[in-house]
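J.:
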Amino acid sequence: MARGKFIVGTNFKMNGSKAFLGDLVESLNRADLDINVEIFISPPSVYIDHVRQILRKDIAVGGQNCFYKSSGTYTGEMSAGMLKDVNAEYVILGHTERRTLFKESDTEIGLKVEHALAAGLKVIACIGETLSERESGTTFHVLFRQLQAIVEHVQDWTDVVIAYEPVWAIGTGRVATPEQAQKVHAAIRRRLKETVSESVGERMRIIYGGSVNLGNARDLAKEKDVDGLFVGGASLRPEFVEICNVLR
Ligand code: PEP
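Taking my numbering, the leading residue of the sequence shown gets 12, the next gets one more, and so forth.
1. Quick one: Cα of S90 to Cα of C77, how far?
2. Give the straight-line distance between the Cα atoms of P177 and I217, rounded to the nearest whole angstrom.
3. Around the Cβ of P269, are there at least 16 other Cβ atoms within 10 angstroms (buried) or fewer (exposed)?
4. With respect to 8 Å, is the separation between the Cβ of T183 and the closest non-hydrogen atom of the ligand PEP below this value?
5. Could you tell me whether the Cβ atoms of V97 and D43 are closer together than 9 Å?
6. Would you check if the distance between the CB atom of N47 and the CB atom of V242 is smaller than 9 Å?
7. Check whether the Cβ atoms of I120 and A160 sit closer than 9 Å, and answer yes or no.
8. Under 8 Å by Cβ, that's how I've got I173 and A129 pegged, so tell me the actual separation to the nearest angstrom.
9. DSSP state of F113, grouped into three classes?
10. How many Å lie between K95 and A71 at the Cα?
11. Do R6 and F155 have their CB atoms nearer than 9 Å?
12. Quick check on this structure: which residue in F17, S81, E140 has the alpha carbon closest to the alpha carbon of A187?
13. Kindly indicate which three-state DSSP category C77 falls into: helix, strand or coil?
14. Could you have a look at R216 and say whether DSSP puts it in helix, strand or coil?
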């Protein structure tokens, strides 16, 4: 069963400026990019509209978060419909920084995934264990709990991509080995087959994020259950173009 294209996506987090993003877009617009790779970039929300207007159309733009209501008295929030309105295609949900710094619960993330899909966005649903959870042997327990909260809110999985992002690898320079990533991705896929369906598990694109750079991208991409890469820090550097071409 076809799994769709390999994906390379970014998480710019709260970084950049209009000028910086303008330069970054220009370098992407000029780049010779592999047509076999689906690429999305996710600027801070205030820049999404601008970036969408100046970026080449074969690269998608995404948001880094959205709320689970369409409109109303939710100061500081943005809805999935608003992201669609400025032609964003993707939204990242459940990132560890949202879970920890902004206290988003598994349930809230499930609601956000449901809301975003209903609005027509594609969702990058992030799950990942902390170092202490890994060291205490609860990695799969934690990942499956986070996954279950998403499973309960999704009917149609067409527009969902799962991002495995071990918290201990995010922004630390300590990347998961290809074997560690493969083991977890295979387990997530198995779990989806058991709890949703064989075909959803088989077709699901599961991407790896956490200290991906040009030096480790190729080896990670070779693993059979690694269907893409999710890039934070390195997406703000010139090497990002080469990471996008990692399959070549
Ligand atoms: C992230 O925060 O989603 C991420 C992948 O960051 P980094 O690549 O910097 O570890």
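Beta carbons: idealized from backbone N, C-alpha and C, even for Gly.
T.: Concretely, from the data shown:
1. One C-alpha to the other measures close to 5 Å.
2. 13 Å
3. This structure cannot settle anything about residue 269, because the visible part of the chain is limited to 12 through 259.
4. yes
5. no
6. no
7. For I120 and A160, yes; Cβs fall inside 9 Å.
8. Actually they do not touch by this definition, with Cβ atoms about 19 Å apart.
9. coil
10. 12 Å
11. Since the first residue shown for the chain is 12 and the last is 259, residue 6 is missing from the structure and cannot be characterised.
12. E140
13. coil
14. strand
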